[in-house]
Structures are given as structure tokens and as C-alpha cells.
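What follows is a short report on a single structure.
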Amino acid sequence: MVGGFTRAISSFTYRTFFKKESTYFTAIVATGVGFSIVFNTAFDKYWNNKTAGTKWEDIKDRYYALDVVAKKAKSRTIVVRLISAAGTGFTYVKQRPRTAAYRLTMMKFDPIVNKHVLFVENKIK
């Protein structure tokens with residue numbers, strides 16, 4: 001009885017899947033696709049469990065929270081405009097330390113009056 005049942009199953013399988021080349025090819029491709037889907041799903045679950053807590057998705061909230069809390073420091077220098085004391089309107093732009101207690105003044109060349117004149121600091125608006 002058992003031999004007849006297994007022979008019936010094997011002959012049914014042969015006639016259904018392997019006798020024709022097109023069905024054989026389709027069965028092989030379908031089996032390969034199914035195996036790859038099952039294998040990839042199982043391996044992804046294994047890998048996600050093994051590396052839990054170390055992936056970017058797990059730790060990105062810590063870094064985004066730091067961006068909101070951390071404030072950037074002010075620059076150590078500021079940009080100022082030096083205006084000619086000769087009244088020509090010619091200007092230079094310089095950097096000076098933010099914490100300096102003095103106003104920047106320097107002798108520079110003014111091309112409008114064609115000589116060196118005193119330039120006085122004025123803030124850039």
C-alpha cells in the first residue's frame with residue numbers, strides 16, 4: 001500500500017513538474033525566487049537582532065537631540081568698516097577681535113586724496 005501511494009505521488013510529480021521543459025524551468029525559477037525571499041527575510045531578522053542598538057536608525061535620535069541643545073559659539077572676531085577721516089567716503093573692511101576695548105584706527109592710503117589719512121572704525125550695517 002505504501003509503495004503504491006509513494007509511486008502515485010512520484011509519478012504525479014514527474015508528470016506535473018518535470019515531463020515538460022517549460023514547467024520544469026518554471027518550477028526551478030519559482031523555487032529559486034521563493035528560497036531567496038525566505039533566506040533574505042530570515043537573514044535580515046537575524047542581522048537586525050544581532051546588531052540592535054548600533055545602527056543609525058537606533059542612535060539618530062541622540063544626535064538630533066544634541067543639535068537642538070548645543071549652541072554654537074560666537075566668532076572671536078568681528079568685521080568692521082574703516083571710514084576715511086578726510087571725508088571722501090572711501091572705506092576699507094577689516095577684522096578685529098570681538099573683545100577688544102578700543103575702536104580700530106589706522107593710517108591707510110586714500111586714493112581719492114592721494115595720500116595716507118586716518119581711518120576710523122564704524123560698524124557694518
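Residue numbers (UniProt numbering): 1 to 125. Quick reminder that beta carbons are idealized off the backbone N, C-alpha and C, glycines included.
Buried/exposed call for residue i, threshold 16 Cβ in 10 Å
i: V79; result: exposed
i: D110; result: buried
i: F119; result: buried
Contact under 8 Å by Cβ, residue i with residue j
i: T77; j: I83; result: no
i: R96; j: I124; result: no
Residue i - containing beta strand (DSSP E), residue span
i: S22; result: Here S22 belongs to no beta strand (DSSP E); instead the alpha helix (DSSP H) covers 21–50.
i: K94; result: 91–97
i: N114; result: From DSSP, N114 is part of no beta strand (DSSP E); its letter is neither H nor E.
i: S75; result: No beta strand (DSSP E) holds S75; DSSP gives it neither H nor E.
Closest by C-alpha distance to residue i, when choosing among the options
i: V113; options: F12, W47, G87; result: G87
i: A100; options: E121, K19, M107; result: E121
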